[in-house]
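Read the structure below first, then the notes.
2 protein chains.
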Amino acid sequence: MKETQEQKRRRLLELAKASVANTYSTGEHSLVQAINTYNELDKVKNLIHEKLEEWYGIYFPELRSGSMASYAKFVMEFGKEKKSADKDGISVIFGAKEGERVFEQAQKSIGRDPSEGEYAMLRMLAKQEEDIEHVQKDLDAFIKESCNERIPNLAYLVDYRIAAELLAKAGSLSKLALMPASTIQLLGAEKALFKHIKFGKKPPKYGILFKMPEITNGKRESRGRIARLYATKISIAARADAFTRRFIAKELKEDINRRLKEIDSRKGRR
Amino acid sequence: MKETQEQKRRRLLELAKASVANTYSTGEHSLVQAINTYNELDKVKNLIHEKLEEWYGIYFPELRSGSMASYAKFVMEFGKEKKSADKDGISVIFGAKEGERVFEQAQKSIGRDPSEGEYAMLRMLAKQEEDIEHVQKDLDAFIKESCNERIPNLAYLVDYRIAAELLAKAGSLSKLALMPASTIQLLGAEKALFKHIKFGKKPPKYGILFKMPEITNGKRESRGRIARLYATKISIAARADAFTRRFIAKELKEDINRRLKEIDSRKGRR
C-alpha cells in the first residue's frame, strides 16, 4: 500500500521531531546552559551589589571593601548598629588588618543607623546577594562533575571551567571537535578578530585560552606560541571526547609539558 | 582666644560632615533607593528567567507561558517528570484553560526529562527567581509605607509608586518641590525631550506620569492637558510635603476631578 501525502507528511514530521529530541538528549547542552547561567549570575550579583552599596552607603559612607561578599556579610551582621560591632567579629569578615580599619571607620562614621524598616530591606538585599553566590557554588560543582563525565579529556587538559567555556562558545562538542586548531585558539576573541579585519588592529593571539595560567604567566613573546600549542592539543582532546571516547589526555599533557620546555629554552637562546 | 588656622580647619570640616550627615538623615533617600532597587530587581528577574527558560527549554520546548512566575512554578513543581504532572495541579498554576493546553503538551512533548543533577540546578534557578519576586513584594510594602509617611500629599494625589518614581527622578523631595510644573510633567521623558531638541522629533507630553491610568485611558487629544493639570497639582503637593507638612491633597484631588470633567466636556463640544 502506497502511503498517502498526509501519511508521508506525518512520518517526516515525526522524524524531524525525533532528530531534534535526539540532539537535545546528550546532556552536553545542560553543561552549556550551566556555564552560561553561571556567567549570567555574575552580572546579576553585580547588579544587586551595586544597589546594596549605594543604599547602605547612606548609613556608612566610609565603608569600602575589596570583596563584595565581605561587604554584604558586614551589612547582614552589623548593619543595624555599626558602632556596637565588636572588633573581633569585624575581623572575621575582613581579616585582621582591614578589620581594624573598618572598626575605626564605624566608630567615627558620619552616617546615622538605619531604621528598623530600612534595615530589614538592606538585610534582605544582602541575603539575596549571598544566595546568588550559593547558587553559583552549586552550579560550579555541577559543571565540574559534568565536565569530568562528558568531556574528560578536555577537562584533564585544561581547567574544567575553561573546557566548559570552550564548549559553550563552540555551541556543541561535535562542533568543537570539528573546528581547526586556529579557530579554537581564537574562540572568545571574536570582537578583537573583527577589529583586526575591519580596522587593521593587531590580530588577537587567544580568546578564552587567555584565562589559563600557563598562558597568562608565560613570557609575553611566547604566549601566542603556547596558545597555539594548547589549541592543537585541545582539538585532539575534543575529538577523543566526541568520537572515540578514549582517555588520551595524559599523553597529550605530557606532550604539552615537553613542548613548553622546548619553547622556554629556545627563547632563552636568543 | 583667637582660633588657630588648624582649629578653624577642623571646625569647618566638622560643619561640612554634619551637613552631609544631615542631608542623608531624612529617610527620603531610603525611599529613593528602595524604588531604584525595585526597578533594578525587575532586570535581575528577567536575566534569571531568560536563563531558566533557555535551560528548561531543552526538556520541555513546547512550554510557553505568558507569566514568568507560573513558568517558574511549573519547573519547581513538575519539572522533574512533566508527563506525570496531574491536570489539576497544572491548572492551579496556569488557570483552567491554559492548564489544559500545558497538560496536553507535557504528554506529547519531544523533550526528555532532566537527570537528577540537572533538575536540582533548574529547581534552584526557579527558586531564585521566586525569591527575587518576594524581595520585590517586601520592597513594595516598604515603599508604600514610606510614601504615606514622608510624602502623604503626593502619595494621595497619584499612586504611591508613581510618587516614589517622581521623587527618585528628581533626586530629592526639596528638588522636586522647587521644580516648575512643566519640568515635573516631563520627568522621565528626558530621552524623548533630547530627541525633540536635537533632531526635531515631536516633543514629549509626559514622562513617568504616562503610567497613570487617568492619562493612559484619557482621550488621545486630551492627554497632554491632563498631564499638565496633574503636574501643576503635583508641584503644589510636593511643596506641602517638603515645607508646610500640611495635608492638602484631598482638596487638590477634588480640584483635579472638577477640571477633568471640564476638559472632558470641552472636548465634547468641539
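The listed protein sequences correspond, in order, to chains A and B.
As numbered in the numbering used here, residues 1 to 270 make up the first sequence, in order.
As numbered in the numbering used here, residues 1001 to 1270 make up the second sequence, in order.
All C-beta atoms in this analysis are idealised placements derived from N, C-alpha and C, irrespective of residue type, glycine included.
#1: Would you please verify whether the beta carbon of E1104/B is less than 9 Å from any beta carbon of chain A?
#2: Taking Cβ-Cβ distances shorter than 9 Å, what residues in chain A pair up with G1117/B?
#3: For chain A, check one thing: does any of its Cβ atoms lie closer than 9 Å to the Cβ of Q1033/B?
#4: At 8 Å on the CB atoms, spell out the chain B contacts of A21/A, in chain order.
#5: Under 8 Å: does the beta carbon of M212/A sit that close to some heavy atom of the ligand COA?
#6: Throw me the rounded Cβ distance for the A1249/B and A1237/B pair, which I believe falls under 8 Å.
#7: For the alpha helix (DSSP H) containing I1035/B, list its first residue and its last residue.
#8: Please tell me whether L154/A and L139/A are closer than 9 Å, where the distance is taken between their beta carbons.
#9: Whether or not the segment 25-36 of chain A and the segment 76-83 of chain A are in contact is what I'm after, with contact meaning three or more pairs of Cβ atoms, one per stretch, closer than 8 Å; do they touch?
#10: Quick one: what's got a C-beta closer than 7 Å to E1190/B's C-beta in the same chain, skipping five residues either side?
#11: Can you give the beta carbon distance from I263/A to R225/A, rounded, assuming they're within the 8 Å contact cut?
#12: Under the rule that 16 or more other beta-carbon atoms within 10 Å means buried, what is I1090/B, buried or exposed?
#13: Please report the straight-line C-alpha distance between G57/A and Q1128/B, rounded to a whole angstrom.
#14: Work out the CA separation of K1045/B and E14/A for me, nearest whole Å.
#15: Could you check if H1134/B is buried or exposed, using at least 16 other CB atoms within 10 Å of its CB as the buried criterion?
#16: In the DSSP assignment, find the alpha helix (DSSP H) that holds L166/A and state where it starts and stops.
#17: Which residues, taken in chain order from the segment 1038-1055 of chain B, show a beta carbon closer than 9 Å to some beta carbon of chain A?
#18: Excluding the 5 residues preceding and the 5 following T37/A in the sequence, name in chain order all residues of the same chain whose CB lies nearer than 8 Å to its CB.
#19: What's the C-alpha gap between R1269/B and I1215/B?
#20: For I248/A, does the three-state DSSP call read helix, strand or coil?
#21: If you draw a straight line from the C-alpha of A1227/B to the C-alpha of V92/A, how long is it?
#22: Is any beta-carbon of chain B found at less than 9 Å from that of L124/A?
#23: Comparing alpha-carbon positions, which option in L1041/B, K1108/B and E1040/B lies nearest E1081/B?
#24: Measuring alpha carbon to alpha carbon, tell me which of R11/A, K2/A, R101/A and M124/A ends up nearest I51/A.
#25: In three-state terms, what does DSSP make of L1012/B?
Taking the geometry as given:
#1: no
#2: S30, F142, E145 and S146
#3: yes
#4: I1110, G1111 and R1112
#5: As presented, the structure is devoid of all ligands, the ligand COA included, so that no description of it is given.
#6: 6 Å
#7: E1028 to Y1056
#8: no
#9: no
#10: none
#11: 6 Å
#12: buried
#13: 26 Å
#14: 36 Å
#15: exposed
#16: Y160 to A170
#17: E1040, L1041, K1043, V1044, L1047, I1048, E1050, K1051, L1052, E1054 and W1055
#18: L139
#19: Reliability fails at R1269/B, whose pLDDT of 48 lies under 50, so the model's placement of it is uncertain and the value that follows must be treated cautiously. Roughly 20 Å between the two C-alpha positions.
#20: coil
#21: 55 Å
#22: The sequence given here has Met at residue 124/A, not Leu. Yes, its Cβ sits closer than 9 Å to a Cβ of chain B.
#23: K1108/B
#24: This sequence places Lys at residue 51/A; Ile is not what is there. Comparing Cα positions, the closest option is M124/A.
#25: helix
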